[in-house]
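Presented below is the structure to which this report refers.
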Amino acid sequence: MTATNVSSEQRLPVATWMRMYLRLFAVQGAWNYETMLGNGIAFCTEPALRQLPGGTGGSRYAQAIGRQARYFNAHPYLAGVAVGALTRAELDDVPPAMIERFRTALGGPLGSVGDRLVWASWLPLCSLIALLAFGVGARPLTVVAIFLVIYNIGHLALRAWGLRVGFQRGLRVADALAHPVLRKGPQVIGMLAALIAGVAIPLAAREVVGGGRQLSSGIIILAMAGGVLLARLGGRVEGWRISLVVLAVFVLFSVIR
Amino acid sequence: MILLDLLPIALLGAFLGMDVVTFPQAMISRPIVAATVAGAFIGNAMAGLVMGAVLELLALEMLPFGASRYPDWGSASVVGGALFAAQPGSPSGALAASLFAALVTAMISGRSMVWLRRFNASLAAHEHDALEMGSAKAVTGLQLYGLSLDLVRGFAVTFASMLVFSPLIRAIVDSWGTDSRYSRGVVVTIVAAVSAGAIWKIFHLVPRARLLFVAGLAIGAFVLVSA
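Respectively, the protein sequence lines represent chains Y and B.
Sequential numbering of the first sequence, starting at 1, is according to the numbering used here.
Sequential numbering of the second sequence, starting at 258, is according to the numbering used here.
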């Protein structure tokens with residue numbers, strides 16, 4: 001393979017960007033409890049590392065792959081920030097020790113910011129919007145389309161932004177994590193989600209009861225009492241496990257009665 | 258459902274099971290999508306959507322944070338959606354029994370994800386020297402192994418669950434002795450309670466979340482009463 005020395009000012013070929021972006025979707029392909037995302041980071045940076053002096057047969061390429069395959073953890077959607085920044089660091093010939101320290105420092109913030117923004121805000125909001133659509137009687141295709149389109153606008157944009165900003169800023173990428181969307185986004189999304197949840201849960205529940213029947217006062221009171229109880233128990237119990245036990249008892253009761 | 262009918266459902270479970278962690282995490286594995294698609298495969302998308310909404314309300318509680326252990330809703334939703342959609346006329350007990358099957362599948366499938374992660378770790382340890390030497394072949398190989406094994410995992414879980422639960426759900430529905438209204442009522446009560454608790458857990462630190470949730474409930478109540 002022909003190698004081209006890429007300085008930080010130079011741009012990566014479009015095909016390389018595309019390869020890196022597409023590989024980001026499989027960044028957790030080999031996720032494990034030892035190296036976590038590490039192998040995925042090496043997998044995603046690899047197309048750009050081919051640009052290092054000596055190409056795929058060169059020592060810098062091999063050393064960079066070896067470094068990037070080590071332990072790393074981050075939110076998968078924000079892994080692009082790490083992939084971009086680490087690629088830039090390798091292409092800029094940053095000393096290995098500094099790259100190691102940077103990798104260690106970057107994982108935690110990328111994990112916590114991503115978890116708060118995506119898993120604890122964006123995903124529940126999109127779920128609740130889809131449940132609201134179901135609750136007002138939208139057709140199956142409409143509900144699915146609403147969820148997938150809204151969710152993935154955020155998802156795809158976040159991955160693309162991460163890769164771009166990571167490469168642009170390199171080792172100074174930490175500043176990018178102070179972006180207003182990342183800082184204030186979870187709070188604003190959370191407020192909107194809380195409002196939509198209040199509307200969506202009763203409407204979705206009525207739709208599940210079905211047949212034009214209204215929710216009985218018994219269901220409403222029991223559901224609210226159960227919700228309060230689970231909220232008070234906090235993280236000590238998982239509601240789905242309790243649901244499984246209650247359902248098992250109910251199914252058994254209904255079959256043998 | 259004959260064995261051949263299970264193959265497309267198992268393949269769907271395989272691809273949607275992958276989406277949970279390995280590829281592409283576009284949330285096509287979320288219950289409201291996966292169960293609806295499974296229902297459409299059976300020819301009853303509406304039934305799939307009902308099961309999807311029920312599971313989605315439960316899934317709100319479990320956020321897939323990092324290395325935490327959580328149920329695999331992808332394959333489980335396919336199983337739940339397909340089982341419920343396969344009961345013509347949604348007879349009494351079908352929703353409760355199918356939901357039970359979906360939750361058991363979610364538990365087993367979640368466990369299988371942990372096994373896969375451990376196996377991936379052992380593969381990575383086996384390739385440790387090659388990785389340290391900078392072998393791109395080892396890196397790509399591990400990714401492809403992981404992705405392929407996750408696909409196989411999702412297929413096996415979905416296929417086995419369908420194989421076990423298809424006849425079991427039919428038998429349960431045939432001998433169901435509780436009125437349809439109460440059967441659905443129990444399911445709705447459970448999932449509404451879990452989802453309300455989940456919303457509190459997720460958003461209680463957000464300013465004015467409690468007020469906004471109550472305001473939303475008031476709007477919801479108004480719509481329910483006026484509809």
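C-beta atoms are modelled at their ideal positions from N, C-alpha and C, and glycine is treated no differently.
Keep in mind the model is a prediction, meaning the values are calculated, not measured.
Item                                                                                                                    : Value
Leu468(B) burial status per 10 Å Cβ neighbour count (16 or more: buried)                                                : exposed
8 Å Cβ cutoff met for Ala304(B) and Phe280(B)                                                                           : no
Continuous alpha helix (DSSP H) assignments of at least 4 residues falling wholly in the segment 194 to 245 of chain Y  : 217 to 233
Selected residue, minimal CA-CA separation from Ile196(Y), among Leu408(B), Val480(B), Thr415(B), Phe470(B)             : Phe470(B)
Phe134(Y) to Leu315(B) span [Cα, whole Å]                                                                               : 15 Å
Paired residues, beta bridge with Phe72(Y) - DSSP                                                                       : Met36(Y)
Beta-carbon neighbours of Asp175(Y), restricted to chain B and to distances below 8 Å                                   : None at all; the shortest Cβ gap to chain B is about 24 Å.
Among Leu252(Y), Leu247(Y), Leu192(Y), Val173(Y), nearest to Thr446(B) - alpha-carbon criterion                         : Leu247(Y)
As assigned by DSSP and simplified to three states, the class of Thr2(Y)                                                : Because Thr2(Y) carries a pLDDT of 40, less than 50, the predicted location of this residue cannot be relied on, and no value is offered for it.
For Pro109(Y), the three-state DSSP class (helix, strand or coil)                                                       : helix
Closest by C-alpha distance to His385(B), when choosing among Pro95(Y), Leu91(Y), Lys184(Y), Ile65(Y)                   : Ile65(Y)
Assigned exposure category for Ser483(B) - 16 Cβ within 10 Å defines buried                                             : exposed
Inter-residue Cα distance where the pair is Gly107(Y) and Pro76(Y)                                                      : 11 Å
Residues that Tyr151(Y) contacts on chain B, provided the C-beta gap is smaller than 7 Å                                : Met284
Residue burial classification, Asp115(Y) (beta-carbon count within 10 angstroms, cutoff 16)                             : buried
Helix, strand or coil at Phe322(B) [DSSP, three-state]                                                                  : coil
Selection from Trp31(Y), Ile150(Y), Gln168(Y) that minimises the alpha carbon distance to Trp17(Y)                      : Gln168(Y)
Leu264(B) versus Ala271(B): straight-line alpha-carbon distance, rounded                                                : 10 Å
Simplified DSSP state of Met364(B), which is helix, strand or coil                                                      : helix
Cβ contact check for the segment 143 to 158 of chain Y and the segment 113 to 129 of chain Y: 3 or more pairs under 8 Å : yes
When Ala82(Y), Glu46(Y), Leu131(Y) are compared against Val290(B), the one with the closest alpha-carbon                : Leu131(Y)
Own chain partners of Tyr327(B) with C-beta closer than 7 Å, once the 5 adjacent residues on each side are dropped      : Met319, Pro321, Gly367
Interface flag, Gly239(Y) vs chain B, CB-CB below 8 Å                                                                   : yes
For Gln400(B) and Ala69(Y), believed in contact at Cβ under 8 Å, the rounded distance                                   : So it is not a contact: roughly 11 Å between Cβ atoms.
Length at least 4, wholly inside the segment 409 to 481 of chain B: the alpha helix (DSSP H) runs in chain order        : 437 to 460
Sequence-distant residues of its chain with Cβ nearer than 6 Å to Trp433(B) (five each side left out)                   : Ser349, Gly350
Against chain B: residues of the segment 125 to 155 of chain Y by CB proximity under 7 Å                                : Ser127, Ala130, Leu131, Phe134, Pro140, Val143, Val144, Phe147, Leu148, Tyr151, Asn152, His155
Simplified DSSP assignment, three categories, for His385(B)                                                             : helix
Unbroken alpha helix (DSSP H) run spanning Tyr21(Y), endpoints                                                          : 14 to 24
Cβ contact check for the segment 385 to 399 of chain B and the segment 284 to 301 of chain B: 3 or more pairs under 8 Å : no
Cβ of Ala267(B) within 8 Å of any chain Y Cβ                                                                            : no
Beta-carbon neighbours of Gly240(B), restricted to chain Y and to distances below 9 Å                                   : The requested residue 240(B) does not occur in the structure, where chain B is confined to residues 258 to 484.
Inter-residue Cα distance where the pair is Gly170(Y) and Cys126(Y)                                                     : 32 Å
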